[in-house]
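S.K.:
There are 2 protein chains.
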Amino acid sequence: MARYKIDIEYDGTNLIGWQINSQGSSVQSILQDAIFKFCGEHTTVYSAGRTDAGVHAINMVAHFDINKQFDAVTVMKAINFYLLKEPVSVLNCQIVNDSFHARFNCINRHYKYIVINRPAPLVLEKNKAWWIPYKLNLDAMQQAAKKLIGKHDFSSFRAVECQAKSPIKTLDKCTITQDNDKIIFEFCARSFLQHQVRNMVGTLVDIGRGKPYDIDKIFEAKNRSAAGVNAPACGLYFVNAIYDATNVDL
Amino acid sequence: MARYKIDIEYDGTNLIGWQINSQGSSVQSILQDAIFKFCGEHTTVYSAGRTDAGVHAINMVAHFDINKQFDAVTVMKAINFYLLKEPVSVLNCQIVNDSFHARFNCINRHYKYIVINRPAPLVLEKNKAWWIPYKLNLDAMQQAAKKLIGKHDFSSFRAVECQAKSPIKTLDKCTITQDNDKIIFEFCARSFLQHQVRNMVGTLVDIGRGKPYDIDKIFEAKNRSAAGVNAPACGLYFVNAIYDATNVDL
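Protein chains in written order, with the numbering used here: chain A, 1 to 250; chain B, 251 to 500.
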């Protein structure tokens with residue numbers, strides 16, 4: 001048996017999300033099918049994050065086991081061969097020791113969210129960003145973003161159906177930068193609640209268009225209805241997952 | 251009669267190019283149809299550059315006349331309303347004096363070409379860049395790029411069917427920069443021959459993978475077969491067109 005760690009890029013536009021489900025194509029089902037076509041083995045692929053329908057990944061990290069052992073480059077090329085018509089690509093592959101777990105060993109997750117703030121509808125970035133035609137106040141959003149950083153009860157930013165045991169999370173990074181009409185939100189934390197990033201972005205954008213939200217009061221309310229809208233999935237990207245080197249190396 | 255100058259973004263992936271043709275949807279036909287739906291007038295839209303099938307535009311400049319006069323913001327919003335399902339968007343609209351011509355008054359055109367140089371097939375940038383899986387030598391390409399700058403006979407970089415009167419062009423800018431696995435080629439000139447940018451990129455990439463091309467000898471040959479491959483359309487972007495301010499203002 002060998003365990004492989006893979007870095008994956010995907011375009012979530014036409015996918016139902018990370019997780020296997022009878023409703024349609026998922027990143028997990030596409031990868032498992034490609035692995036089966038390559039080596040004839042049914043395996044389960046585990047990821048650092050289980051993204052929703054429409055969410056993209058620049059570098060998702062995942063792992064799986066197969067019984068026959070191949071070198072890592074062969075595995076990457078073979079899976080990519082069977083992925084050629086799919087919106088998923090393996091960027092890198094590495095053999096890891098069998099205690100490595102893409103989800104449970106991950107010590108930090110990095111997301112970014114892209115807003116295009118301009119009057120004209122999106123074409124080149126259609127399905128790849130949230131189009132906001134009304135002018136956003138960057139400074140107001142940046143001031144509010146600072147208040148999200150740290151250890152808080154994020155109940156107000158949590159999907160109603162979220163199954164995490166605790167709503168207490170520590171947000172390590174929350175920055176907003178602007179490059180012409182592109183506004184980039186970046187978030188780092190050990191872990192996030194379901195819809196937490198999209199709910200934070202939706203609330204920050206509401207603040208950017210002038211709604212008088214107070215982040216402290218939203219935290220105090222511990223109620224989803226106290227925060228702003230859930231930003232659309234198409235603007236969200238899983239950027240990377242960080243591990244202790246000791247968990248990765250063979 | 252009023253003349254409107256418009257800035258346009260388009261995704262050329264499923265288009266036959268700029269120019270109207272019975273073979274399929276073109277940027278020109280899509281715009282003319284949207285203008286007709288908005289104001290009931292048949293007009294011709296003229297652009298700074300007539301891009302090929304698959305080529306994109308970040309900011310193409312064009313103009314057209316209509317008899318009824320509307321303010322520029324109304325024209326932009328109305329056209330965009332009828333473009334909502336199309337891969338074309340009007341970024342900006344301005345009323346100009348009727349001597350302005352998007353093609354003939356343009357004094358400089360700016361193109362960029364994107365290569366993604368990595369082993370893994372493209373997903374997020376599929377149809378938006380040229381995927382090159384073998385390692386390119388950036389320094390060799392940059393040295394060759396410098397030799398393309400200036401006034402030359404570009405016959406070796408010209409499509410066989412190119413109808414320009416003279417093959418003599420002056421290339422003002424030709425730079426290559428790298429940002430991780432993304433390699434960006436930028437070109438500025440008053441005008442270009444048909445396929446000139448894609449033939450220059452194809453030749454530079456051939457040099458980057460070790461082919462012993464000599465730019466001086468390619469110029470001397472004045473023969474298309476002396477230069478490298480025609481780079482695929484999907485990596486090419488029309489970036490902007492420059493005009494004398496006197497030709498634009500009312």
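Note that CB positions come from ideal geometry on N, CA and C, so glycine has one too.
In this text the structure is predicted, and so the values were computed from the model without any measurement.
Three or more C-beta pairs closer than 8 Å, one from the stretch 20-37 of chain A and one from the stretch 218-237 of chain A: is that the case here?
M.R.: Touching, no, given that fewer than three Cβ pairs across the two stretches are closer than 8 Å.
S.K.: In three-state DSSP terms, what is Lys397 of chain B?
M.R.: In the structure shown, Lys397 of chain B sits in a helix (DSSP, three-state: H, G or I).
S.K.: Counting only beta-carbon atoms, is Asp261 of chain B nearer than 8 Å to chain A?
M.R.: Yes, Asp261 of chain B lies at the interface with chain A (some Cβ there is under 8 Å from its Cβ).
S.K.: Please report how far the alpha carbon of Asp346 of chain B lies from the alpha carbon of Tyr493 of chain B, in whole angstroms.
M.R.: It should be pointed out that residue 346 of chain B corresponds to Val in this sequence rather than to Asp. Whole-angstrom Cα-Cα distance: 12 Å.
S.K.: Locate the beta strand (DSSP E) running through Met60 of chain A, then write down its first and last residues.
M.R.: Here the beta strand (DSSP E) through Met60 of chain A covers 56-66.
S.K.: Closest Cβ-Cβ distance between Leu250 of chain A and chain B: below 8 Å?
M.R.: The predicted position of Leu250 of chain A is uncertain, since its pLDDT is 49 and thus under 50; no value can be drawn from it.
S.K.: Hey, is the stretch 16-31 of chain A in contact with the stretch 207-215 of chain A, meaning 3+ C-beta pairs nearer than 8 Å?
M.R.: The stretch 16-31 of chain A is not in contact with the stretch 207-215 of chain A.
S.K.: Would you kindly report the start and end of the unbroken beta strand (DSSP E) that includes Val109 of chain A?
M.R.: Position check: residue 109 of chain A holds Arg in this sequence, whereas Val was assumed. It spans 106-117 - the beta strand (DSSP E) in which Arg109 of chain A sits, taken as one unbroken run.
S.K.: Give me the chain B residues within the contact set of Asn80 of chain A, using Cβ-Cβ distance strictly less than 9 Å, ordered along the chain.
M.R.: Residues of chain B passing the Cβ test: Pro369, Ala370, Pro371.
S.K.: Using a C-beta cutoff of 8 Å, does Val338 of chain B count as contacting chain A?
M.R.: With 8 Å as the cut-off, Val338 of chain B counts as an interface residue toward chain A.
S.K.: Taking DSSP as the reference, what is the three-state secondary structure of Asn490 of chain B?
M.R.: In the structure shown, Asn490 of chain B sits in a strand (DSSP, three-state: E or B).
S.K.: Checking contacts by CB at 8 Å: is Leu374 of chain B closer than that to chain A?
M.R.: So, interface residue.
S.K.: Looking at the strands, I want to know which residues DSSP matches up with Cys343 of chain B.
M.R.: DSSP output for Cys343 of chain B lists B:Ile256 as bridge partner(s).
S.K.: Measure the CB-CB distance between Asn242 of chain B and His402 of chain B and report whether it falls below 8 Å.
M.R.: Since the first and last residues shown for chain B are 251 and 500, residue 242 of chain B lies out of range.
S.K.: Below 8 Å on the Cβ atoms is my guess for Ile426 of chain B versus Ile433 of chain B; work out the distance and round it to an integer in Å.
M.R.: Contact flag correct, Cβ pair sits at about 6 Å.
S.K.: To be precise: take each residue of the stretch 295-307 of chain B, compare its Cβ to all Cβ atoms of chain A, and keep it if any distance is under 9 Å. Which residues remain?
M.R.: Cβ contacts with chain A come from His306, Ala307.
S.K.: Using a Cβ-Cβ cutoff of less than 8 Å, which residues in the same chain neighbour Glu41 of chain A once the five nearest sequence positions on both sides are dropped?
M.R.: Excluding positions up to five away in sequence, the list reads Ile35, Ile66, Asn67, Lys68.
S.K.: Could you work out which residues of chain A lie near Leu398 of chain B, taking near to mean beta carbons separated by less than 8 Å?
M.R.: The contacting residues do not exist; Leu398 of chain B stays about 27 Å from chain A at best.
S.K.: Could you tell me which chain B residues have their CB closer than 7 Å to the CB of Leu136 of chain A, listed as they occur along the chain?
M.R.: The premise fails here: Leu136 of chain A is roughly 18 Å from chain B at the closest Cβ pair, so nothing lies under 7 Å.
S.K.: Leu334 of chain B versus chain A: which residues are under 8 Å apart at the beta carbon?
M.R.: The contacting residues are Pro121.
S.K.: Any idea what DSSP makes of Gln178 of chain A, helix, strand or coil?
M.R.: Strand at Gln178 of chain A.
S.K.: Going along the stretch 340-357 of chain B in order, which residues come within less than 9 Å of chain A, judged by CB to CB distance?
M.R.: Those would be Val340, Leu341, Asn342, in chain order.
S.K.: The beta strand (DSSP E) with Ile382 of chain B in it runs from where to where?
M.R.: Start and end: 380-382.
S.K.: If you draw a straight line from the C-alpha of Gln178 of chain A to the C-alpha of Thr43 of chain A, how long is it?
M.R.: For Gln178 of chain A and Thr43 of chain A, the distance between alpha carbons rounds to 42 Å.
S.K.: Whole angstroms is fine: what's the gap from Leu250 of chain A's alpha carbon to Ala2 of chain A's?
M.R.: Annotation note: pLDDT 49 at Leu250 of chain A (below 50); position unreliable, coordinate value reported separately. Their Cα atoms are separated by approximately 11 Å.
S.K.: Who pairs with Gly267 of chain B in a beta bridge, going by DSSP?
M.R.: According to DSSP, which records beta bridges pairwise, Gly267 of chain B is partnered with B:Asp302.
S.K.: Which runs of the alpha helix (DSSP H) at least 4 residues long sit entirely within the stretch 427-464 of chain B? Give them in chain order.
M.R.: Those alpha helix (DSSP H) runs which fall completely within the stretch 427-464 of chain B and span 4+ residues are 446-458.
S.K.: With DSSP as the reference, label Thr294 of chain B as helix, strand or coil.
M.R.: In the structure shown, Thr294 of chain B sits in coil (DSSP, three-state: anything other than H, G, I, E or B).
S.K.: What whole-angstrom Cβ distance do Asp321 of chain B and Val123 of chain A have, given they're in contact under 8 Å?
M.R.: Contact flag wrong, Cβ pair sits at about 24 Å.
S.K.: Sorted by chain position, which residues of the same chain lie with C-beta nearer than 6 Å to Gln194 of chain A's C-beta, five sequence neighbours on each side aside?
M.R.: Excluding sequence neighbours, Gln194 of chain A sits near Ala159, Cys162.
S.K.: Cβ atoms of Ser47 of chain A and Ala370 of chain B: under 8 Å apart, would you say?
M.R.: Contact: no.
S.K.: Expressed to the nearest angstrom, what Euclidean distance is found between the alpha-carbon atoms of Leu454 of chain B and Gly304 of chain B?
M.R.: The alpha-carbon atoms of Leu454 of chain B and Gly304 of chain B are separated by roughly 20 Å.
S.K.: By the three-class DSSP mapping on this structure, what secondary structure does Arg408 of chain B have?
M.R.: Looking at Arg408 of chain B - three-state DSSP - the assignment turns out to be coil, as it is neither helix nor strand.
S.K.: Check Lys376 of chain B in the structure and name its three-state DSSP category.
M.R.: Note: Lys376 of chain B maps to coil in three-state DSSP.
S.K.: Taking the straight line between their C-alpha atoms, what separation do you get for Tyr254 of chain B and His313 of chain B?
M.R.: Looking at the two C-alpha atoms, the distance is approximately 5 Å.
S.K.: Mapping DSSP to helix, strand and coil, what is Lys419 of chain B?
M.R.: Strand at Lys419 of chain B.
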